[in-house]
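The sequence shown begins at 30 in our numbering and counts up one residue at a time. Built from N, CA and C at the ideal position, the CB exists for glycine as well. Single-structure report; data block below.
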Amino acid sequence: MHVRSSRASTRGSNPERVKADEMRLGPLLGGPRQYVVPYFQRTYSWRRRQWITLWDDILELYELGSTNSHFLGSMVLLAEDSTATLVIDGQQRIVTLSLFLAAIRDAARETHPEFAENLHQTYLVDGRRDDVKILTTHQDRSAFSTVVKTGIEPSPSPIRDAYRTFKASLAEQREKGLDLERLVDIVLSQLSFVAITLDPEDNPYRIFESLNAKGMPLTQGDLLRNYFFMRLPTAEHEQWYTTVWSPMQTRLGERFDDYMRDFLLKEGHPIRPDEVYQEWRKRLGPLGEDDVRAVLRELADWSLEYDQILHPQRETDVEVRRYLQRLTAWSKTVPYQFNPLLLRLHADFKHGSLTADHVTRIFRSIESMLVRRLFTSAPVRDENQLLIQLYDATADQPDRAQAFVEALSRPEIGWPDDTDFAEGIVRHPLYFASHPD
């Protein structure tokens, strides 16, 4: 099937330059091309539910003896040159199927060595490059290459777990007489895709952004990574990814999306979690390449401070550490959190514009306000936004800590007075009080 149609196009590309071809896995992997997953793609994210679903679908074809094809959806590809193709969408499936083939190869090595070697050389590696047929994202590359090239299990990762799952499933079915050669024939000749091939003039980052994610939803971090790299020259992507983006994302782990929001919130403006990507787009949109580079450097620098906030036990100053830990604990017990404010305060402390005494006085006043509002049953509000605005308002004061404490303790700010606080302690059930130890 060869189609030139806008029905096969993705938003952001010219439908006259888009090809949609039905393709089986065998010709896809058995050809001379290497498939490269771009830096803006997420890491491998399929889990057991997806692996077992795929295995069950393949096993059903095997058991029914059906010659019908099984449609696995679409793949969006962009040919970079005569030998390399970018996988804009569909990497989860093609990586999973490659791991499945690697598991079959390793299951067959003792009993069918020639079959296993042919499977390895034709569909898993490219002997001319001494490399794998699928070049995954930077973070997955070592684990994937280890499995595909050697069959050795790498350190714990979804890549390793997928390979293990398939090996165990194959071993179970082989005890029931599973024919590995017939199974491979089904995988290579009956699993089909619609391969949507874009024109080299199309921008892969814009295409990625416009795709509707299937299976594993795109996070705000996925979209932001794509957008930042879309704003930089392609020749710089590897450098920025390996030296800035990947270390930053690895450092913060699951809190990376929170960081990208808190970085904006530290300015004192409210932003909902689902608005982070659009807010970043608004800010980066008017900027040139040099300014985008500067923002990336700034993000990398602030991520070190954020990592310190996430791990307050690493702070070397005893008093600052004590209050940092206490306010971090408060963030876990109230429906708002103070990381944006703590980020600002700790950075100013580290850079010398606040002393340890200044920081502890500010921290102590914030904790006092929280305790007073808790015991007087004051209504919940966005404390972070208020506190950052107060902190900004005291920037020019000679004793910033004292100015902040005085500003915070004003009644109009919502500081409960001593009388209300004393009455609140009497009537408030202490054993229900939700505060850190």
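Cβ pair residue 469, residue 413 closer than 9 angstroms
Since the displayed the chain opens at 30 and closes at 466, residue 469 lies outside it and no answer follows.
Kindly indicate the opening and closing residues of the beta strand (DSSP E) around residue 64.
63–65
Give me the Cα-Cα distance between residue 298 and residue 117, rounded to the nearest whole angstrom.
35 angstroms
C-alpha gap between residue 208 and residue 137, whole angstroms
10 angstroms
My understanding is that residue 53 touches residue 218, with C-beta atoms under 8 angstroms, so please give their C-beta distance in whole angstroms.
6 angstroms
To the nearest angstrom, how far is the alpha carbon of residue 347 from that of residue 379?
One Cα belongs to residue 347, the other to residue 379, and the distance between them is close to 14 angstroms.
Entirely enclosed alpha helix (DSSP H) segments - the stretch 392–429, minimum 4 residues
Correct list: 412–422.
N- and C-terminal bounds of the alpha helix (DSSP H) containing residue 113:
Premise fails: residue 113 lies in the beta strand (DSSP E), 113–118, not in any alpha helix (DSSP H).
Rounded to a whole number of angstroms, what is the C-alpha to C-alpha distance between residue 216 and residue 97?
Whole-angstrom Cα-Cα distance: 12 angstroms.
Of the residues 172, 310, 192 and 195, the one placed nearest residue 184, counting alpha carbons only:
172
For residue 133 and residue 353, what's the separation of their Cα atoms in angstroms?
52 angstroms
Straight-line Cα distance separating residue 125 from residue 32
In this prediction, residue 32 scores a pLDDT of 30, lower than 50, which makes its location untrustworthy; the coordinate-derived value is nonetheless stated afterwards. Whole-angstrom Cα-Cα distance: 27 angstroms.
Between the alpha carbons of residue 169 and residue 262, how many angstroms are there, rounded?
23 angstroms
Run through the DSSP bridge pairs and tell me what residue 155 is partnered with.
160
Which residue marks the beginning of the alpha helix (DSSP H) containing residue 147, and which one marks its end?
Boundaries of the alpha helix (DSSP H) around residue 147: 142–148.
Evaluate residue 341 with the Cβ neighbour count: other Cβ atoms within 10 Å of its Cβ, from every protein chain shown; 16 or more gives buried, anything less gives exposed.
buried
Residue 220 (DSSP reduced to helix, strand or coil):
It is a strand residue.
Taking the alpha carbon of residue 99 as the reference point, which residue from 106, 260 and 82 has its own alpha carbon closest?
82
Leaving aside the five residues before and after residue 388 along the sequence, list all residues of the same chain whose C-beta is less than 7 angstroms from its C-beta, in chain order.
Once the five neighbours on either side are set aside, the close Cβ partners of residue 388 are 349, 374 and 378.
At the level of alpha carbons, what is the spacing between residue 277 and residue 355?
Going by the C-alpha atoms only, they are around 26 angstroms apart.
Inter-residue spacing [alpha-carbon to alpha-carbon] between residue 194 and residue 131:
12 angstroms
Which same chain residues end up closer than 7 angstroms to residue 86 when comparing Cβ atoms and leaving out the 5 residues on each side of it in sequence?
99
Hey, would you say residue 444 sits closer than 9 angstroms to residue 393, going by beta carbons?
Between residue 444 and residue 393, the CB-CB gap reaches or exceeds 9 angstroms.
Unbroken alpha helix (DSSP H) run spanning residue 11, endpoints
Nothing about residue 11 can be read from this structure; the chain reaches only from 30 to 466.
Taking only three categories from DSSP, how would you classify residue 433?
helix
Whole angstroms are fine: how far does the CA of residue 149 sit from the CA of residue 303?
44 angstroms
Could you please give me the residues that DSSP links to residue 340 through a beta bridge?
Answer is none; residue 340 lacks a bridge partner.
Just the Cα atoms here: how many angstroms apart are residue 424 and residue 330?
Distance from the CA atom of residue 424 to the CA atom of residue 330, rounded to whole angstroms, is 22 angstroms.
Taking the Cβ atom as the reference point for each residue, do residue 372 and residue 295 lie within a distance shorter than 9 angstroms?
yes
Can you tell which of 429, 406, 370 and 344 has the C-alpha that lies nearest to the C-alpha of residue 383?
429
What are the boundary residues of the alpha helix (DSSP H) that includes residue 367?
That residue, residue 367, is in no alpha helix (DSSP H); it is neither H nor E in DSSP.
Drop a sphere of 10 angstroms on the beta-carbon of residue 440, count the other beta-carbons inside from all chains shown, and report buried for 16 or more, exposed for fewer.
Classification of residue 440: exposed, given that the 10 Å Cβ count is below 16.
Alpha helix (DSSP H) segment containing residue 174, residue limits
167–179
Specify the secondary structure class of residue 69 as computed by DSSP and reduced to three states.
In the three-state reduction of the DSSP assignment, residue 69 falls in the coil class, being assigned neither a helical nor a strand state.
Which residues in the same chain as residue 180 place their Cβ atom closer than 6 angstroms to its Cβ, once the five residues preceding and following it in sequence are excluded?
135
Simplified DSSP assignment, three categories, for residue 472
Not covered by the structure: residue 472. The range shown for the chain is 30 to 466.
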